[in-house]
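Novice:
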Amino acid sequence: MSGTGLTYHVYDVNHMTPAEIYGQVLTQLGEGREDIVALTADLARSTKIGKFGERFPGRFFNVGIAEQNMFGIAAGLALAGFTPFVSTFAVFAALRAAEQVRTDICYQNLNCKIIATHSGISFGQAGSTHHCTEDLAVMRSFANLTVIAPADGYETANAVRACLDRQGPVYIRIGRGFEQTVHPGEDYGFELGRAVTMRDGADLTVIACGPCVLHAVEAAKTLADSQGAGVRVLNMHTIKPLDREAVLAAAAETRRIITVENHSIIGGLGSAVAEVIAESGLPCRLVRLGIPDVFAIVGYTDDLYNLYKIDAAGIGEAAAQLLGVQVQAEDDWEDEL
Amino acid sequence: MGLTDSQVATLKLKAQQIRRKTIETVVWAGGGHLGGALSQVEIMVLLYYHFLNIDPKRPDWADRDRVVLSKGHGGIGYAPLLADRGYFSEGLLEEFNHTGSPFGMHLDRLKVPGVDASTGSLGHGLPMAVGMALGARLKGAAWRTYCILGDGECNEGSVWEAAMAAAHFRLDTLTALIDRNGLCIDGTTEAIMALEPLADKWRAFGWEVTAVDGHDFRELAGAIEAARRSTGRPTAIIARTVKGKGVDFMEDQAAWHYGGLDSERAALALQSIDRRSDTAGPGRRAP
Chain A
211 MSGTGLTYHV YDVNHMTPAE IYGQVLTQLG EGREDIVALT ADLARSTKIG
261 KFGERFPGRF FNVGIAEQNM FGIAAGLALA GFTPFVSTFA VFAALRAAEQ
311 VRTDICYQNL NCKIIATHSG ISFGQAGSTH HCTEDLAVMR SFANLTVIAP
361 ADGYETANAV RACLDRQGPV YIRIGRGFEQ TVHPGEDYGF ELGRAVTMRD
411 GADLTVIACG PCVLHAVEAA KTLADSQGAG VRVLNMHTIK PLDREAVLAA
461 AAETRRIITV ENHSIIGGLG SAVAEVIAES GLPCRLVRLG IPDVFAIVGY
511 TDDLYNLYKI DAAGIGEAAA QLLGVQVQAE DDWEDEL
Chain B
802 MGLTDSQVAT LKLKAQQIRR KTIETVVWAG GGHLGGALSQ VEIMVLLYYH
852 FLNIDPKRPD WADRDRVVLS KGHGGIGYAP LLADRGYFSE GLLEEFNHTG
902 SPFGMHLDRL KVPGVDASTG SLGHGLPMAV GMALGARLKG AAWRTYCILG
952 DGECNEGSVW EAAMAAAHFR LDTLTALIDR NGLCIDGTTE AIMALEPLAD
1002 KWRAFGWEVT AVDGHDFREL AGAIEAARRS TGRPTAIIAR TVKGKGVDFM
1052 EDQAAWHYGG LDSERAALAL QSIDRRSDTA GPGRRAP
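Next up, the structure:
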């Protein structure tokens, strides 16, 4: 657990979205921490940060539809000794106000927490103006910034608490609506920068984040049942700093890795994992699943997950294919050299 | 409550010293944003040697007045002033812009004592100043927040987002000082992207507005005193200035936004500053 001393659950993950859980956890945290202030840009209801505002109206600022200004004000409040939580849609945090996040908050290494909702294609029907399949790529490149993509409501609660204990800027991206839980509860040993092994296996590893963790676990179960394949599933909730050890172990032990994310295949989790594998020199096959280099079409989110093959079926298909590929053992590799 | 003759004389002398030190720093740095560093001198000197409640021995003192130099390219004029005020040793200025130095063109709060916010990218300072003023209110603290903006900077949309928010939140402890030197990099502000009627714009956004000669300590001080008395509204002081002020060959020349000085040019600049410091002359006429 985090060091905030809050260990009780007052939320019901079966009926609450990760954003609703965020709003509730933040409000709990606000009870004991006078330094917490909250800001939004006319998205108090959509991002659920308004929950904090209802309880602490004096510490809540709705700045209107002006995201650049919002992140600047948050920086000013952090400079004045407060701990701002800032919420808007991912596309506005990572793209509209990218320079304020980078220069005002990350460059000054301010203790500011950005909780962005509607990330990836979770707001499927809104179209590309409201999708955000680029935020991990952008945010991952900002020095000082910790980047987290929680898998479900429990993990959102853990991440929100943990970010309070981490001095400096943190970006947490969550989805829009209800998401099924993949963790049985919140006491599974969440630790920033440390992947959670959801299943172990020696034939292939699926490294996933966000809602794709659940899809990966489902796919792994199916593969085990149908083919007897040993599929390891890593929940890589922290995109930066990445758990390099977990990636290297997977590369060495399973030699086949699939990454899955609700994000472009360029610059996000898949790229982060690819960098580690490439630099390691380990012989390992890699397949990146995510939104290809296109603007996603409009549609129901589940339909889009299926179309872009980041649901259980898509992961299963990619895994079945990769399991059929012979990967050279490391000793053979050394012989060739 | 106005400035006495002796106060004005002391401030003028200080302005002369800061202008001289700015020229020297530009020589050490190999180049610098001379035009804007020289136009802001009276604004900065008046704040730092007359109005601010600060303690250079405790740059992190929680209740200090806050200053955000939103026109961050004025850093090469700001650093000599901070050194003179005692935040750090003046000798450090000789490393300005050098590899590994704490001082680059745009000052970094984490490296330069006395700097309250890292700036340089235009349009970022006023939003941060709004946050600082909100913070003072939340803490019940008495500090005031001053934000110095360039006039060309007022092309940035985020300035107006912050202007709207400051009035909405009734931040009467916030004062924006606009260095209205009339020039941006590519030419006059009115030719590149017209700002006028600038005072009307700030007024329409809900601010108290005064326009003064930005090189006249008495006019500037009167405007800042009025800002300190204002209740319910933030104040914008449009300080009409001359870019490159004090150095005859730089004055009102867009080309001197940034430049370098060889020893001959530097000597001429210093001579000009000394010659003109007694009869500094007025700032730009209202456009």
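Chains as they are written, first to last, in the numbering used here: chain A, 211 to 547; chain B, 802 to 1088.
The beta-carbon is built from N, C-alpha and C at its ideal position, and this holds for glycine as well.
1) Using the DSSP secondary-structure output, state which residues sit across from residue 860 (chain B) in a beta bridge.
2) Taking the alpha carbon of residue 414 (chain A) as the reference point, which residue from A:420, A:403, A:431, A:401 has its own alpha carbon closest?
3) Let me confirm a value: residue 995 (chain B) is counted as buried when at least 16 other C-beta atoms fall within 10 Å, else exposed. Which label applies?
4) Put residue 451 (chain A) into one of helix, strand or coil per three-state DSSP.
5) What are the boundary residues of the beta strand (DSSP E) that includes residue 472 (chain A)?
6) To the nearest angstrom, how far is the alpha carbon of residue 518 (chain A) from that of residue 455 (chain A)?
7) Could you check how far apart the C-beta atoms of residue 327 (chain A) and residue 299 (chain A) are, in whole angstroms? I think they sit under 8 Å.
8) Can you give me the Cβ contacts of residue 960 (chain B) inside the same chain, cut-off strictly under 6 Å, excluding the 5 residues immediately before and after it?
9) Since residue 279 (chain A) meets chain B, which of its residues come closer than 7 Å, beta carbon to beta carbon?
10) For residue 237 (chain A) and residue 262 (chain A), what's the separation of their Cα atoms in angstroms?
11) What is the DSSP secondary structure of residue 506 (chain A), counted as helix, strand or coil?
12) Say whether chain B places a C-beta atom closer than 8 Å to the C-beta of residue 310 (chain A).
13) Whose C-alpha, out of A:296, A:246, A:269, is nearest the C-alpha of residue 258 (chain A)?
14) Using a Cβ cut-off of 8 Å, pull out every chain A residue sitting near residue 935 (chain B), in sequence order please.
15) Is there at least one Cβ from chain A nearer than 8 Å to residue 925 (chain B)'s Cβ?
16) Measuring only between beta-carbons, confirm whether residue 503 (chain A) sits less than 8 Å from chain B.
17) Against chain B, with Cβ distances strictly below 8 Å, would residue 318 (chain A) count as a contact?
18) Express the C-alpha separation of residue 916 (chain B) and residue 850 (chain B) in angstroms, rounding to a whole number.
19) If you drop the 5 nearest sequence neighbours on each side, which residues of the same chain put their C-beta closer than 6 Å to that of residue 231 (chain A)?
20) Can you pull the chain A residues whose beta carbon is under 8 Å from the beta carbon of residue 1040 (chain B), in chain order?
21) Between residue 868 (chain B) and chain A, is there a C-beta pair that is closer than 8 Å?
22) Output, in chain order, the set of chain A residues within a Cβ distance shorter than 7 Å of residue 972 (chain B).
23) When DSSP labels each residue in this structure, what does residue 419 (chain A) get in the three-state scheme?
24) Taking the alpha-carbon of residue 503 (chain A) as reference, which of A:474, A:482, A:491 has the nearest alpha-carbon?
25) Do residue 498 (chain A) and residue 469 (chain A) have their CB atoms nearer than 8 Å?
26) Of all Cβ atoms in chain B, is any one closer than 8 Å to the Cβ of residue 276 (chain A)?
27) Taking only beta-carbon atoms, is residue 314 (chain A) less than 8 Å away from chain B?
28) I'd like the span of the beta strand (DSSP E) that includes residue 1037 (chain B), first residue to last.
29) On a Cα-Cα basis, can you pick out the residue from B:910, B:934, B:939, B:835 that is closest to residue 1035 (chain B)?
30) So is residue 1062 (chain B) in contact with chain A if we call contact Cβ pairs under 8 Å?
31) Against chain A, with Cβ distances strictly below 8 Å, would residue 1034 (chain B) count as a contact?
32) State the start and end residues of the unbroken alpha helix (DSSP H) segment that holds residue 823 (chain B).
33) Below 8 Å on C-beta distance, what does residue 1030 (chain B) contact in chain A?
34) Nearest CA to the CA of residue 986 (chain B): which residue from B:1045, B:1014, B:1021, B:946?
35) If you follow the beta strand (DSSP E) that residue 445 (chain A) is in, where does it begin and where does it stop?
36) Considering Cα atoms alone, identify which of B:974, B:1004, B:978 is closest to residue 865 (chain B).
Specialist: In short, the structure shows the following:
1) By one-based count along the second sequence, residue 860 (chain B) stands at place 59. Beta-bridge pairing links residue 860 (chain B) to no other residue.
2) The residue labelled residue 414 (chain A) in the question sits at position 204 within the first sequence. Residue A:431 is the option with its Cα nearest to residue 414 (chain A).
3) Here residue 995 (chain B) refers to the residue found at position 194 when the second sequence is read from its first residue. Exposed is the call here.
4) Counting from one through the first sequence, the residue named residue 451 (chain A) turns up at place 241. The answer is coil: DSSP assigns residue 451 (chain A) none of H, G, I, E or B.
5) Walking along the first sequence from the start, residue 472 (chain A) turns up at place 262. Taken as a continuous stretch (DSSP letters only), the beta strand (DSSP E) holding residue 472 (chain A) covers 466 to 474.
6) Residue 518 (chain A) sits at position 308 when you count from the first residue of the first sequence. Residue 455 (chain A) sits at position 245 when you count from the first residue of the first sequence. Taking the straight line from one Cα to the other gives about 29 Å.
7) What you label residue 327 (chain A) is simply residue 117 of the first sequence in a count that begins at 1. What you label residue 299 (chain A) is simply residue 89 of the first sequence in a count that begins at 1. About 6 Å separates the Cβ atoms of residue 327 (chain A) and residue 299 (chain A), confirming a contact at the 8 Å cut-off.
8) Position 159 of the second sequence, counted from the start, is the residue given in the question as residue 960 (chain B). Within the same chain, residue 960 (chain B) has close Cβ partners 924, 927.
9) Taking the first residue of the first sequence as position 1, residue 279 (chain A) is located at position 69. Here the neighbours are 928, 959, 962, 963, 966.
10) If you number the first sequence from 1, residue 237 (chain A) lands on position 27. If you number the first sequence from 1, residue 262 (chain A) lands on position 52. When rounded, the distance between both Cα atoms is 5 Å.
11) Your numbering for residue 506 (chain A) matches position 296 in the first sequence. Residue 506 (chain A) carries a coil assignment under DSSP once its states are collapsed to helix, strand and coil.
12) Locating residue 310 (chain A) in the first sequence gives position 100, where the first residue counts as 1. Yes, residue 310 (chain A) lies at the interface with chain B (some Cβ there is under 8 Å from its Cβ).
13) Position 48 of the first sequence, counting from 1, holds the residue named residue 258 (chain A). For the residues A:296, A:246, A:269, the minimum Cα distance to residue 258 (chain A) belongs to A:296.
14) Position 134 of the second sequence, counted from the first residue, corresponds to residue 935 (chain B). Near residue 935 (chain B) (Cβ distances below 8 Å), the residues of chain A are 271, 283, 286, 287, 290.
15) Locating residue 925 (chain B) in the second sequence gives position 124, where the first residue counts as 1. Answer yes: the Cβ-Cβ gap between residue 925 (chain B) and chain A drops below 8 Å somewhere.
16) On the first sequence, position 293 is the one that residue 503 (chain A) refers to. Output row for residue 503 (chain A): interface = no.
17) The residue you call residue 318 (chain A) lines up with position 108 of the first sequence. Chain B, which has a Cβ nearer than 8 Å to the Cβ of residue 318 (chain A), makes this yes.
18) Position 49 of the second sequence, counted from the first residue, corresponds to residue 850 (chain B). Position 115 of the second sequence, counted from the first residue, corresponds to residue 916 (chain B). Rounded to the nearest angstrom, the two C-alpha atoms are 16 Å apart.
19) Position 21 of the first sequence holds residue 231 (chain A). Within the same chain, residue 231 (chain A) has close Cβ partners 221, 363, 366, 367.
20) Translated into positions along the second sequence, residue 1040 (chain B) becomes position 239. For residue 1040 (chain B), no chain A residue has a Cβ inside 8 Å of its Cβ, as the nearest lies near 22 Å away.
21) The sequence position of residue 868 (chain B) within the second sequence is 67, counting from 1. For residue 868 (chain B), the nearest beta carbon of chain A is not closer than 8 Å to its own beta carbon.
22) Here the question's residue 972 (chain B) lines up with position 171 in the second sequence. Near residue 972 (chain B) there are no residues of chain A at all, since even the closest Cβ is about 11 Å away, more than 7 Å.
23) For the purposes of this step, residue 419 (chain A) is taken as the residue at position 209 of the first sequence. The DSSP-derived three-state label of residue 419 (chain A) is coil.
24) Numbered from 1 along the first sequence, position 293 holds the residue referred to as residue 503 (chain A). Selected option, being the one with the closest Cα: A:474.
25) Here residue 498 (chain A) is taken as the residue at index 288 of the first sequence, counted from 1. Here residue 469 (chain A) is taken as the residue at index 259 of the first sequence, counted from 1. One thing to note: residue 498 (chain A) has its Cβ within 8 Å of the Cβ of residue 469 (chain A).
26) For the purposes of this step, residue 276 (chain A) is identified with residue 66 of the first sequence, where counting begins at 1. By this cut-off, residue 276 (chain A) is an interface position.
27) Reading the first sequence from its first residue, position 104 is the one you call residue 314 (chain A). Taking a beta-carbon distance threshold of 8 Å, residue 314 (chain A) counts as an interface residue toward chain B.
28) Translated into the one-based positions of the second sequence, residue 1037 (chain B) becomes position 236. Counting along the chain, the beta strand (DSSP E) containing residue 1037 (chain B) begins and ends at 1036 to 1041.
29) Looking up residue 1035 (chain B) in the second sequence gives position 234. The shortest C-alpha separation from residue 1035 (chain B) is found at B:934.
30) Position 261 of the second sequence holds residue 1062 (chain B). So no, residue 1062 (chain B) is outside the interface.
31) For the purposes of this step, residue 1034 (chain B) is taken as the residue at position 233 of the second sequence. Chain A, which has no Cβ nearer than 8 Å to the Cβ of residue 1034 (chain B), makes this no.
32) Along the second sequence, read from residue 1 onward, the residue named residue 823 (chain B) stands at position 22. For residue 823 (chain B), the uninterrupted alpha helix (DSSP H) run begins and ends at 806 to 830, by DSSP.
33) Position 229 of the second sequence, counted from the start, is the residue given in the question as residue 1030 (chain B). Residues of chain A whose Cβ lies closer than 8 Å to the Cβ of residue 1030 (chain B) do not exist, since the nearest Cβ in that chain is about 23 Å away.
34) Within the second sequence, numbered from 1, the residue matching residue 986 (chain B) stands at position 185. The shortest C-alpha separation from residue 986 (chain B) is found at B:1045.
35) On the first sequence, residue 445 (chain A) is found 235 positions in, with the first residue counted as 1. Taken as a continuous stretch (DSSP letters only), the beta strand (DSSP E) holding residue 445 (chain A) covers 441 to 445.
36) Reading the second sequence from its first residue, position 64 is the one you call residue 865 (chain B). Among B:974, B:1004, B:978, the Cα nearest to that of residue 865 (chain B) belongs to B:974.
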